[in-house]
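K.L.:
Sequence lines, in order, name chains A and B. The opening residue of the first sequence carries number 1 in our numbering; numbering runs sequentially from there. The opening residue of the second sequence carries number 1 in our numbering; numbering runs sequentially from there. Glycine included, each C-beta is placed from N, C-alpha and C at the ideal position.
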Amino acid sequence: EAGVAQSPRYKIIEKRQSVAFWCNPISGHATLYWYQQILGQGPKLLIQFQNNGVVDDSQLPKDRFSAERLKGVDSTLKIQPAKLEDSAVYLCASSLGVGATNQPQHFGDGTRLSIL
Amino acid sequence: DQQVKQNSPSLSVQEGRISILNCDYTNSMFDYFLWYKKYPAEGPTFLISISSIKDKNEDGRFTVFLNKSAKHLSLHIVPSQPGDSAVYFCAADNYGQNFVFGPGTRLSVLP
Numbered sequence: 001e002a003g004v005a006q007s008p009r010y011k012i013i014e015k016r017q018s019v020a021f022w023c024n025p026i027s028g029h030a031t032l033y034w035y036q037q038i039l040g041q042g043p044k045l046l047i048q049f050q051n052n053g054v055v056d057d058s059q060l061p062k063d064r065f066s067a068e069r070l071k072g073v074d075s076t077l078k079i080q081p082a083k084l085e086d087s088a089v090y091l092c093a094s095s096l097g098v099g100a101t102n103q104p105q106h107f108g109d110g111t112r113l114s115i116l
Numbered sequence: 001d002q003q004v005k006q007n008s009p010s011l012s013v014q015e016g017r018i019s020i021l022n023c024d025y026t027n028s029m030f031d032y033f034l035w036y037k038k039y040p041a042e043g044p045t046f047l048i049s050i051s052s053i054k055d056k057n058e059d060g061r062f063t064v065f066l067n068k069s070a071k072h073l074s075l076h077i078v079p080s081q082p083g084d085s086a087v088y089f090c091a092a093d094n095y096g097q098n099f100v101f102g103p104g105t106r107l108s109v110l111p
């Protein structure tokens, strides 16, 4: 089966600019996650969707970050305006979700964002 | 406050020997634990998991042990191979509501 697809792989922008990342989860996976991974740290959950509804966005900096999953499949994560501390790898993951307990998350290869 | 801790940032092991990676957690509500392996420029890859109702799970060369009373789990790799060199992340889940990763341990398997 095809894995989680993310694009772009790399992005370089200047601070105060905006940027968007795209994710296509594994087919049939109801739950989708966005993580931020700063160099030397573990991934930190930003937002979790169940189909097209938000389950948890408690760690999403809502003044500058937004995410949507309008049709319950693809998702986009946006940063506007970007700050220097947003430099990180942004990972998307998916899992079976509804009705399926104890299921692992499967990750894409991420987007490496560099802020100048 | 780190809910999932991996106190060893790095570990070096000789090829063919056992690698033991450790993980501690603080939240007693976690009911599902996972290990992920990550190569540079790739996303984490799921390796093995264990439910809180078990104390051991094996998959080939990989075994995960869970000690709930000590809030501790470990990953054993036997025998270690050079291709196992990667960063290993421990993760814990609370009934699908709170998925937390540790900071990772970099394993180097020396030929």
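#1: Flag Pro40(B) as yes if its beta-carbon sits less than 7 Å from any beta-carbon of chain A, otherwise no.
#2: Quick one: is Pro104(A) near chain B, going by C-beta distance under 7 Å?
#3: Taking the beta carbon of Thr101(A) as the centre, do at least 16 other beta carbons fall within 10 Å, making it buried, or is it exposed?
#4: Can you pull the chain B neighbours of Phe107(A), defined as C-beta to C-beta under 9 Å?
#5: Could you name the residues of chain A that Phe126(B) contacts, counting a contact when the two beta carbons are closer than 8 Å?
#6: Indicate whether Gln17(A) and Ala82(A) have their beta-carbon atoms separated by less than 7 Å.
#7: Just to confirm before moving on: does the CB-CB distance between Tyr90(A) and Thr111(A) stay below 7 Å?
#8: Check whether the stretch 88-102 of chain B touches the stretch 34-43 of chain B, taking contact to mean three or more Cβ pairs, one atom from each stretch, closer than 8 Å.
#9: Apart from the five residues just before and just after Asn22(B), which ones in its own chain have a Cβ nearer than 6 Å to its Cβ?
#10: Using only alpha-carbon positions, find the residue among Glu58(B), Val13(B), Gly43(B) and Ser51(B) that is nearest to Pro82(B).
#11: By Cβ distance, which residues of its chain are closer than 8 Å to Ser52(B), with the 5 residues on each side in sequence left out?
#12: Output the distance between the C-alpha atoms of Asp63(A) and Val54(A), rounded to the nearest integer angstrom.
#13: Could you check the C-alpha separation between Ser58(A) and Phe62(B) for me, to the nearest Å?
#14: Which of the three DSSP states is assigned to Gly53(A) in this structure?
#15: Less than 6 Å between C-beta atoms, sequence neighbours within five positions excluded: which residues of the same chain meet that for Tyr10(A)?
#16: Within its chain, find whatever has a CB closer than 8 Å to the CB of Ile18(B); leave out the 5 residues flanking it on each side and keep chain order.
#17: Quick check on Gly72(A) - is its C-beta less than 7 Å from some C-beta in chain B?
#18: Does the ligand MN have even one heavy atom less than 6 Å from the beta-carbon of Lys54(B)?
#19: Quick check on the DSSP output: what are the complete beta strand (DSSP E) runs of length 3 or more inside the stretch 60-88 of chain A, in order along the chain?
#20: What are the boundary residues of the beta strand (DSSP E) that His76(B) is part of?
#21: Less than 7 Å between CB atoms is the rule here; does Gly110(A) satisfy it with respect to chain B?
#22: Report yes or no: is there a C-beta of chain B within less than 7 Å of the C-beta of Leu91(A)?
#23: Going by DSSP in three states, Asp84(B) sits in which element: helix, strand or coil?
P.N.:
In short:
#1: no
#2: yes
#3: exposed
#4: Tyr36, Lys38, Glu42, Gly43, Pro44, Thr45 and Phe46
#5: There is simply no residue 126(B) to check, as chain B begins at 1 and stops at 111 in what is shown.
#6: yes
#7: yes
#8: yes
#9: Ser74
#10: Val13(B)
#11: Phe30, Asp31, Tyr32, Phe33, Leu66 and Lys68
#12: 17 Å
#13: 34 Å
#14: strand
#15: Arg112
#16: His76, Ile77, Val78, Pro79 and Ser80
#17: no
#18: Absence of the ligand MN is noted for the structure shown, with no ligands found whatsoever.
#19: 65-68 and 75-79
#20: His72 to Ile77
#21: yes
#22: yes
#23: helix
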